[in-house]
Amino acid sequence: MKILVADDDSISRTLMQRILQKFGYEVILAENGRMAVEILSQRDGPRLALIDWMMPELDGPGLCREVRELNRKGGYTYIVLLTSKESREDLVEGLEAGADDYVTKPCQPAELRARLRTGCRILSLEEKLIQARDEMHYKATHDDLTAIWNRSSILSLMKSELERSFREKQSISVLISDVDHFKQVNDKHGHLIGDTVLREVAKRLTSAVRPYDAVGRYGGEEFLILLSHCSHSALESRSESIREAIAATPVMAGGAELSISVSVGAVTCRQWDPGVPIERILARADAALYRAKAEGRNRTALADELTTA
Numbered sequence: 009m010k011i012l013v014a015d016d017d018s019i020s021r022t023l024m025q026r027i028l029q030k031f032g033y034e035v036i037l038a039e040n041g042r043m044a045v046e047i048l049s050q051r052d053g054p055r056l057a058l059i060d061w062m063m064p065e066l067d068g069p070g071l072c073r074e075v076r077e078l079n080r081k082g083g084y085t086y087i088v089l090l091t092s093k094e095s096r097e098d099l100v101e102g103l104e105a106g107a108d109d110y111v112t113k114p115c116q117p118a119e120l121r122a123r124l125r126t127g128c129r130i131l132s133l134e135e136k137l138i139q140a141r142d143e144m145h146y147k148a149t150h151d152d153l154t155a156i157w158n159r160s161s162i163l164s165l166m167k168s169e170l171e172r173s174f175r176e177k178q179s180i181s182v183l184i185s186d187v188d189h190f191k192q193v194n195d196k197h198g199h200l201i202g203d204t205v206l207r208e209v210a211k212r213l214t215s216a217v218r219p220y221d222a223v224g225r226y227g228g229e230e231f232l233i234l235l236s237h238c239s240h241s242a243l244e245s246r247s248e249s250i251r252e253a254i255a256a257t258p259v260m261a262g263g264a265e266l267s268i269s270v271s272v273g274a275v276t277c278r279q280w281d282p283g284v285p286i287e288r289i290l291a292r293a294d295a296a297l298y299r300a301k302a303e304g305r306n307r308t309a310l311a312d313e314l315t316t317a
């Protein structure tokens with residue numbers, strides 16, 4: 009683990025560096041408090057710091073206060089103050105400034121090692137908690153089968169994108185795609201093959217749109233696609249390229265080549281008032297999808313442009 013040692017005395021820095029390297033730490037040095045803050049604010053900066061109380065430009069407590077402001081935007085930094093101060097008032101001052109622990113000079117290597125191990129355990133626990141939080145958030149927002157946005161998330165994103173497009177006076181297009189004859193795939197090949205088909209369709213849809221567009225599983229074999237900054241004049245070609253991304257190549261599933269296609273219903277919204285329910289947009293896209301299926305499937309159908317401005 010990386011550890012920052014901040015001390016204005018070069019001899020003290022060198023001695024501490026040697027001790028910490030024996031403990032197995034990767035040591036980074038700073039000769040004053042301001043330099044230490046700059047190092048700790050870097051994206052890959054140390055998350056463990058041993059800070060001398062008395063330093064030029066910025067002392068230990070001042071450094072703690074600045075680092076705690078930085079920590080509000082990123083991962084936690086565990087700070088141990090190194091000090092010759094022994095009064096309770098001074099120690100309370102350091103802890104209230106944001107220090108996690110302190111070591112009095114001259115420090116014993118065994119004590120220092122134990123206190124730093126405490127910091128490492130706390131940082132390790134934080135990493136596990138962050139990982140668990142991120143995993144829970146991912147599961148709450150993504151579809152288990154296809155790993156794309158789930159229904160509630162894609163609808164929430166749709167509302168946000170409509171609000172943004174209204175502010176920026178840009179168009180946004182909404183597409184609903186449905187896998188053609190999907191029931192026959194399940195009936196003939198089984199649900200496991202059907203699941204493989206849905207995963208592959210989701211993968212191809214995601215690859216067919218731009219990084220700032222969005223694809224979500226709307227329900228069953230239906231997918232909702234949001235195309236930001238997509239005008240009505242560009243919608244037909246964009247919709248066709250998405251449809252062709254599915255139909256162009258058979259899906260390999262269970263050792264068989266399956267010809268899979270989708271029907272697409274699409275509508276463009278220009279200056280859509282965010283206060284108007286999105287159900288009106290979805291109903292218009294769904295009606296276009298129904299028309300595409302009625303006209304023979306494996307095709308796109310466009311609704312008239314919608315606007316509430």
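For the sequence shown, our numbering begins at 9 and goes up steadily by one.
We put the CB at the ideal spot given by N, CA and C, even for glycine.
When the Cα of residue i is compared with those of the options, which residue comes out closest?
i      : options                          : result
Val193 : Ser267, Asp16, Gln279 and Val111 : Ser267
Lys211 : Arg129, Asp195 and Phe231        : Phe231
Ala14  : Met62, Gln29, Ile27 and Phe31    : Met62
Asn158 : Leu183, Val223 and Glu265        : Val223
Gln178 : Trp280, Ala295, Ser18 and Leu163 : Trp280
His197 : Glu265, Gln139 and Thr257        : Glu265
Arg207 : Ser239, Gln25 and Val259         : Val259
Ile47  : Asp188, Gln29, Ile27 and Ile11   : Ile11
Arg51  : Lys147, Glu143, Asp108 and Thr85 : Thr85
Glu229 : Arg292, His189, Leu37 and Arg96  : His189
Glu39  : Asp152, Ile19 and Gln29          : Ile19
Gly83  : Glu104, Gly53 and Leu66          : Gly53
Leu89  : Glu34, Ile59 and Arg55           : Ile59
Tyr226 : Leu137, Val187 and Ser269        : Val187
Gly263 : Thr204, Ser95 and Tyr146         : Thr204
Leu120 : Met9, Ala242 and Phe31           : Phe31
Any idea if residue i is buried or exposed, counting beta-carbon neighbours within 10 angstroms, 16 or more meaning buried?
i      : result
Thr154 : buried
Thr126 : exposed
Gly102 : buried
Pro285 : exposed
Glu169 : buried
Thr316 : exposed
Met24  : buried
Ala44  : buried
His240 : buried
Thr22  : exposed
Val100 : exposed
Ile156 : buried
Gly41  : buried
State yes or no: is the C-beta of residue i within less than 8 Å of the C-beta of residue j?
i      : j      : result
Leu71  : Ser49  : no
Ala261 : Leu213 : no
Ile289 : Val209 : no
Leu165 : Leu234 : yes
Gly106 : Ile130 : no
Glu171 : Pro282 : yes
Arg123 : Asp109 : yes
Cys238 : Ile180 : yes
Asp16  : Pro69  : no
Asp294 : Ile184 : yes
Ile27  : Pro117 : yes
Would you say residue i reaches chain D, if we count a Cβ-Cβ gap shorter than 8 Å as a contact?
i      : result
Asp109 : Among the protein chains of the structure shown there is no chain D, as only one such chain exists.
List the residues that DSSP assigns as beta-bridge partners of residue i.
i      : result
Ser181 : Leu235 and Thr276
Glu34  : Lys10
Ser271 : Asp186
Ala148 : In DSSP, Ala148 forms no bridge with anything.
Looking at residue i and the ligand GTP, is the gap between the Cβ and the nearest heavy atom below 7 Å?
i      : result
Val270 : With respect to the ligand GTP, the structure shown offers nothing to examine, as it has no ligands at all.
For this session: Kindly confirm or deny that the stretch 298-316 and the stretch 271-289 touch, where touching means at least three C-beta pairs closer than 8 Å.
Result: Three or more beta-carbon pairs separated by less than 8 Å link the stretch 298-316 to the stretch 271-289, which places the two stretches in contact.
Problem set entry | the stretch 217-226 contacting the stretch 291-302, beta-carbon criterion three pairs below 8 Å | The stretch 217-226 vs the stretch 291-302: no contact.
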